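Residue numbers (the working numbering), protein chains in the order written: chain R, 79 to 635; chain Y, 10 to 113.
These notes are about the structure you will find just below.
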Amino acid sequence: MPDTHFYRYDGYDRTLVSERVDQFRDQVRRRLAGELTEEQFKPLRLHNGLYLQLHAYMLRIAIPYGTLSSRQLRKLADISRKYDRGYGHFTTRQNLQLNWIKLEDAPDALAALAEVDMHAMQTSGNCIRNVTADHYAGAAIDEIEDPRIWAEIVRQWSTLHPEFTFLPRKFKIAITGSPNDRVAVRVHDIGLRLWRNGQGEVGFEVIVGGGLGRTPMIGKTLREFLPKDELLAYLEATLRVYNRYGRRDNLYKARIKILVHEVGVEKMREEVEAEYAATRDGALKLPAATIEAIARQFAPPVLSPRPAVSGRVVAQRLDDPDFALWLKSNVAPHRVPGYAIVTASLKPAGAPPGDASAAQMDGVADIAEAYSQAELRVSHEQNLIFPHVAVEDLPQVYRSLAALGFAEANVGKITDIIACPGLDYCALANARSIPVAQRISNHFASIARQHDIGDLKIKISGCINACGHHHVGHIGILGVDKNGVELYQISLGGDVDFGRTAIGSILGPAVTADKVVEAVDAIVTTYLDARRDGERFVDTYRRIGAQPFKERVYAAV
Amino acid sequence: MAKNLSGDLQVASANRLVDGMVVWLDEAGQWTDRLEHAAVARDKRGAEFLLERARVEAFSVVDPFLVAVAEDEDGTIEPLSLREKIRASGLTFDAIAADAVRYA
Ligand code: HEM
Ligand code: SF4
């Protein structure tokens, strides 16, 4: 089996993880023996990714940079079979959640994870959290550099940096190595977008102060173009300014999005540039050798030349309309001619979005080994990606995925719904998310109709924490609780596409659970009636405004 | 018909420490995974007493709390809130089975 082409644990990481498992095993033993109270134990289990939800413990497993080997996926399947109920849930944060882990089994599950260099440790507290990266990393045709290299560089730098382990609040960074943003850079504390300027130089656009949750904000551009080798020094200056305001005045003891909002991006820029000018030479630098070693860890696989056009693909496209639609929505161009990026849809009609059974995980691992260099990616849209598939293998990959139920040709379409766990699992929820997603998915199940409707993203959260990213859904749905009744607030016009990032606007009064499908249907019909050639749903919405949608929806519900 | 919608009737619930499963306190002071065996407090004092007792018996569970329930004519109890209904009867959709390969 080919080895994986991404960051491998070194001896230091491995020792750390295995020590943590042993420590946790002892802590669990003491808790079960009554030597630790829940108050003492809770932070310990949370540090190890073990949450207590409505009806069981949940283990949240980190998938750094969304990159997974087939071997790791098999292990996840194995763990879910042995210690859970045989399925897992891929989340919008590039995590896998197991929903039914027993406390007494959790140390064994963590030990099994460590065997494949994985863990569930939450980099908890107000530090720089896991850096997220493009799920097409290492394969995208528009990629300038693999963003995972920079994500790992930032991780190592921030871990080494004592000054940034006590920030005013937690801090999330997303990096895309392509000018086309696929990581939602404008809704992170810091978003970094690599691009090439007119002189052919490569650098980052630095975006600051975005976020979702209770106070959604679109990040602002702090620096249009930052030469890439200045990244760490500039981040350091930015964080120092944030830290300083955060400490000086209680008002700013909050997320950086609040700071940027309060002082304005111009003032923020002034402060950061002044700090940068004064400190750039003394900034902590990772040695060039370290950076090179990191880059080597992410070296692309050697892809043998394959024909860019395949007779088999062309023939099947002509006589199998489902395959033709699948090519359109689930297959993206690769930077190496003769290869493609394939998305396995974890959103078959009527299924809980993002769930996969152990058998399906094994099946996906089989496909990755046969056709994609044993590599996989997890997207924040809760799908799985085969980054390196030869074009001529597409028919076989399609057939294998269809056998797993993962060949739904709906990527980016109305049934490719993002939904948080909601009230069926989550202790913080106001309302259910998954059953709402299922009803919408069943209603719009026809693939031909979905392709006619075109790109339309529905995102559903069960409470204001916004784990389902409802603020940036073309159609956003937020569950609220009114005197014990689940109601759903609908917003339109959210977007995370680059250059168009927007927070959706609330359409009107919340609707009851049994009216959500009718409301969505009325919204779609309004769009289909009004759209002009080539106009996406959000474009039509921007052009005609909320009123026509509002009239139709509130006449229908 | 539910007799009591105001929430005077209460049971004590918690999650079992060892596996997180939902449990209720029964008349004998044991934690049970069957709601129908739960001890029902019928007034404010009874509820205080029940919660006190649940806390005393809490070594095998996590964070006991009171749940408002309704009781129908044949004595069947049901939580009032949707959250507690879901805790009592589980997911409101079919979770995927371990060996499921959808459609296959
Ligand atoms: C079911 C257990 C979960 C619990 C208890 C939980 C809890 C929370 C809480 C309390 C916050 C707000 C944190 C803060 O701003 O300080 C939050 C934020 C968030 N959660 Fe979850 N969450 C859960 C599941 C998930 C899942 C499954 C996903 C992904 C599908 C997710 C994605 C997110 C994201 C992206 C945010 C950040 C929103 C932002 O930008 O501010 N969470 N979560
Ligand atoms: S948005 Fe709310 S309900 Fe949904 S998972 Fe997050 S905390 Fe739970």
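C-beta: ideal position from N, C-alpha, C; glycine also.
Only a predicted model underlies this, so the values are computations on that prediction, with no experimental measurement involved.
Is it right to say residue i is buried, meaning 16 or more other beta carbons lie within 10 angstroms of its own, or is it exposed?
i      : result
R/P142 : buried
R/V631 : buried
R/H83  : Bear in mind that a pLDDT of 46 at R/H83, under 50, signals an unreliable position, so the number given afterwards is only what the model happens to contain. Counting Cβ neighbours within 10 Å, R/H83 comes out buried, since at least 16 surround it.
R/D530 : exposed
R/T169 : buried
R/A633 : exposed
R/D183 : buried
R/Y330 : Model confidence at R/Y330 stands at a pLDDT of 44, short of 50, so the residue's coordinates are unreliable; what they give is reported in the following sentence. Buried, because 16 or more other Cβ atoms sit within 10 Å of the Cβ of R/Y330.
R/V489 : buried
R/P383 : exposed
R/K298 : buried
R/V286 : buried
R/E97  : exposed
Y/I86  : buried
Y/F68  : exposed
R/R107 : exposed
Y/V32  : buried
R/Q172 : buried
Y/L14  : Here Y/L14 scores only 44 on pLDDT, less than 50, and its place in the model should not be relied on; the value that follows carries that caveat. Per the 10 Å Cβ criterion, exposed.
R/E221 : buried
R/Q528 : buried
Y/I95  : buried
R/A187 : buried
R/S511 : buried
Y/E93  : buried
Y/A48  : buried
R/S583 : exposed
Would you call the CB atoms of residue i and residue j closer than 9 Å?
i      : j      : result
Y/L89  : Y/A21  : no
R/A624 : R/L570 : yes
R/T139 : R/L94  : This sequence places Ile at residue 139 of chain R; Thr is not what is there. No, they are not a contact pair.
R/V635 : R/T590 : yes
R/V280 : R/I253 : no
R/C541 : R/V558 : yes
R/V341 : R/Y323 : yes
R/E470 : R/R390 : yes
R/A485 : R/Y476 : yes
R/I568 : R/I581 : no
R/V594 : R/Y566 : yes
Y/G99  : Y/R62  : no
R/D195 : R/Q234 : no
R/A523 : R/W404 : no
R/L124 : R/L114 : no
R/L462 : R/V409 : no
R/A448 : R/S478 : yes
R/G428 : R/N543 : no
R/T293 : R/K250 : no
R/G216 : R/F376 : yes
R/A446 : R/S148 : yes
Hey, residue i and residue j are a contact pair by Cβ (cut 8 Å); roughly how many whole angstroms apart?
i      : j      : result
R/S256 : R/D212 : 6 Å
Y/E66  : Y/L26  : The pair is not a contact, with the Cβ atoms about 12 Å apart (cut-off 8 Å).
R/S435 : R/G164 : 6 Å
R/S539 : R/G546 : 4 Å
R/I495 : R/P430 : In fact, because the Cβ distance is near 10 Å, the residues do not count as touching under 8 Å.
R/E283 : R/E302 : 6 Å
Y/V78  : Y/Q19  : 7 Å
R/I525 : R/D400 : 7 Å
R/K363 : R/L310 : 6 Å
R/L381 : R/V338 : About 42 Å; that fails the 8 Å criterion.
R/F615 : R/L585 : About 14 Å; that fails the 8 Å criterion.
R/P379 : R/H466 : 6 Å
At a cut of 8 Å, does the region 571-581 of chain R reach the region 263-270 of chain R through at least three beta carbon pairs? With a cut-off of 8 Å, the region 263-270 of chain R and the region 571-581 of chain R count as touching, because enough Cβ pairs lie within range.
Notebook entry, point to check: Okay, do the region 149-159 of chain R and the region 176-195 of chain R touch, 3+ Cβ pairs below 8 Å being the bar?
Noted result: By the criterion of at least three beta-carbon pairs nearer than 8 Å, the region 149-159 of chain R is in contact with the region 176-195 of chain R.
Report task. Specify whether the region 404-424 of chain R and the region 126-138 of chain R touch according to this definition: at least 3 beta carbon pairs, one from each stretch, less than 8 Å apart. Result -> Because the criterion of three Cβ pairs below 8 Å is not met, the region 404-424 of chain R and the region 126-138 of chain R do not touch.
Report yes or no: do the region 346-358 of chain R and the region 311-319 of chain R share at least 3 C-beta pairs separated by less than 8 Å?
The region 346-358 of chain R makes contact with the region 311-319 of chain R: 3 or more CB pairs, one atom from each, lie closer than 8 Å.
* Is the region 475-492 of chain R in contact with the region 512-532 of chain R, if contact means three or more CB pairs nearer than 8 Å? -> By the Cβ rule, the region 475-492 of chain R counts as touching the region 512-532 of chain R, because three or more pairs are nearer than 8 Å.
- Check whether the region 432-451 of chain R touches the region 349-361 of chain R, taking contact to mean three or more Cβ pairs, one atom from each stretch, closer than 8 Å. As far as the Cβ criterion goes, the region 432-451 of chain R does not touch the region 349-361 of chain R, which means the pair count is below three.
Three or more C-beta pairs closer than 8 Å, one from the region 450-462 of chain R and one from the region 143-150 of chain R: is that the case here?
In this structure the region 450-462 of chain R touches the region 143-150 of chain R; the number of beta carbon pairs closer than 8 Å is three or more.
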